[in-house]
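Take a look at the structure set out below.
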Amino acid sequence: MPSQIQLPTTMSPIVPSDSIGFVGLGAMGGAIARNLATAGWAMRVFDLSGPAIDRARGAGAVAALSATDAVTGSAVVFTSLPTPELVEKFWVEQAPNLAAGSIAVDLSTIDPTTSRRISDMIASSTSASFVACTVGKTPAHAEKGEIPAFVGGTPEDIERLSPLLKVLSNNVYDMGSVEGATIFKLVSNLVGMSNLAVLAEGYVLARRAGIPADMFTEALRTTGGWSVQADLRLDWMVEDDLAPRFAVDMAAKDLRLSVNAAAEWHVPTPMAAASLSAFTTASASGHGSLDAAAIVEPLDPQRVARGNRAAR
Numbered sequence: 018m019p020s021q022i023q024l025p026t027t028m029s030p031i032v033p034s035d036s037i038g039f040v041g042l043g044a045m046g047g048a049i050a051r052n053l054a055t056a057g058w059a060m061r062v063f064d065l066s067g068p069a070i071d072r073a074r075g076a077g078a079v080a081a082l083s084a085t086d087a088v089t090g091s092a093v094v095f096t097s098l099p100t101p102e103l104v105e106k107f108w109v110e111q112a113p114n115l116a117a118g119s120i121a122v123d124l125s126t127i128d129p130t131t132s133r134r135i136s137d138m139i140a141s142s143t144s145a146s147f148v149a150c151t152v153g154k155t156p157a158h159a160e161k162g163e164i165p166a167f168v169g170g171t172p173e174d175i176e177r178l179s180p181l182l183k184v185l186s187n188n189v190y191d192m193g194s195v196e197g198a199t200i201f202k203l204v205s206n207l208v209g210m211s212n213l214a215v216l217a218e219g220y221v222l223a224r225r226a227g228i229p230a231d232m233f234t235e236a237l238r239t240t241g242g243w244s245v246q247a248d249l250r251l252d253w254m255v256e257d258d259l260a261p262r263f264a265v266d267m268a269a270k271d272l273r274l275s276v277n278a279a280a281e282w283h284v285p286t287p288m289a290a291a292s293l294s295a296f297t298t299a300s301a302s303g304h305g306s307l308d309a310a311a312i313v314e315p316l317d318p319q320r321v322a323r324g325n326r327a328a329r
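Position one of the sequence shown corresponds to residue 18 (my numbering), numbered consecutively onward.
What follows is the structure, encoded as structure tokens:
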């Protein structure tokens, strides 16, 4: 019987005993980090929010002293940060601290041009590598490892990460490149948020015609107008439950990145541009920190007059 081939250290699959650094414990990042820590992975986490670190520690993670401490000596370092500018700034500063053979994995929703610059910078200046790993669904799903992951990097790096990805995600899709991984997440949000913008207009129009909210929901469910966003957010819209799960400002940011990326590639996106305008209007009207369902607010001033603002 042939002996088992031993991979070189830098090609070995990542295992739970390897040190995993994680920087950025916001709603989605925090949920992913807690899921990995609960599953027994050796997590060292950092965030500017003390309570976010405490929640990760409660799941079994160890608090890093700083971002540099989280990066140094880790086999894998995750980032989950809110903007492309912050992601690039972080990696420009921290790339020299990456261990030889380690993998930088960015979970953030950023544009493909920025992701490619980071990947090339790490490849040219270190002996580490970079993988883009965007994710879908909600923090509640992420806490249980029930999210899709859209990855882009070398086949070798993705194979090394596979034991970790199988805990993080229940569906892993190799998008072929960092550009593929980042643009797919933007496309997903482009479609979803554009759908939500139209749903809000339809809801207000139906209500103006005197159709009760519960009848609108029940009837729409039987038609082609129903969608994942309707399933997720229509009840929140009806009940004025606008507590931020995915905020208007974050949706506007993602749509802006989508439209800008499309323009760079000479792809027309008139519907996405209109959706971006709708979310920008909601933000400018003072609803930016509320859930994306608050896109309905500027469409129906009577909602404001009623003063029905549950669960803000």
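Note that beta-carbon positions come from the ideal geometry of N, C-alpha and C, so glycine has one too.
- Message: Taking only three categories from DSSP, how would you classify Thr297?
- Response: DSSP places Thr297 in the helix class (H, G or I) of the three-state scheme.
- Message: Give me the residue from Ser302, Leu65, Leu307, Gly47 with the minimum Cα distance to Pro315.
- Response: Among Ser302, Leu65, Leu307, Gly47, the Cα nearest to that of Pro315 is on Ser302.
- Item | Local Cβ density within 10 Å of Gln246, reported as buried at 16 or more and exposed below that | It is buried - the Cβ of Gln246 has at least 16 other Cβ atoms within 10 Å.
- Item | Cβ shell of Asp174 (< 6 Å), same chain only, five flanking positions each side left out | Excluding residues within five positions, the ones whose Cβ falls inside 6 Å are Ile120, Ser146, Val148.
- Item | Simplified DSSP assignment, three categories, for Ile200 | Three-state result, Ile200: helix.
- Message: Within 10 Å of its beta-carbon, does Trp282 have 16 or more other beta-carbons around it, so buried, or fewer, so exposed?
- Response: By the neighbour-count rule (16 or more Cβ atoms within 10 Å), Trp282 is not buried but exposed.
- How is the alpha helix (DSSP H) around Ala48 delimited, first residue to last? Boundaries of the alpha helix (DSSP H) around Ala48: 44-55.
- Message: Based on DSSP bridge pairs, tell me the residues matched to Asn188.
- Response: Bridge pairing for Asn188: Pro165 [DSSP].
- Query: Which residue spans inside the segment 88-115 form an unbroken alpha helix (DSSP H) run of at least 4?
  - Reply: Listed in chain order, the complete alpha helix (DSSP H) runs (minimum 4 residues) inside the segment 88-115 are 101-111.
- Message: Using a Cβ-Cβ cutoff of less than 6 Å, which residues in the same chain neighbour Cys150 once the five nearest sequence positions on both sides are dropped?
- Response: Closer than 6 Å at Cβ, skipping near neighbours: Val122, Leu124, Ala166, Val168.
- When the Cα atoms are used, what is the spatial distance from Ser36 to Leu98? Distance from the CA atom of Ser36 to the CA atom of Leu98, rounded to whole angstroms, is 20 Å.
- Answer yes or no: the CB of Asn187 versus the heavy atoms of the ligand MN, is any distance below 7 Å? No copy of the ligand MN occurs in the structure displayed, which carries no ligand at all.
- Query: Near Thr286, what residues of its chain come up, given a Cβ to Cβ distance below 6 Å and the 5 sequence neighbours on each side ignored?
  - Reply: The beta carbon of Thr286 sits closer than 6 Å to the beta carbons of Val276, Ala279 from its chain, once the five residues preceding and following it are set aside; these are given in chain order.
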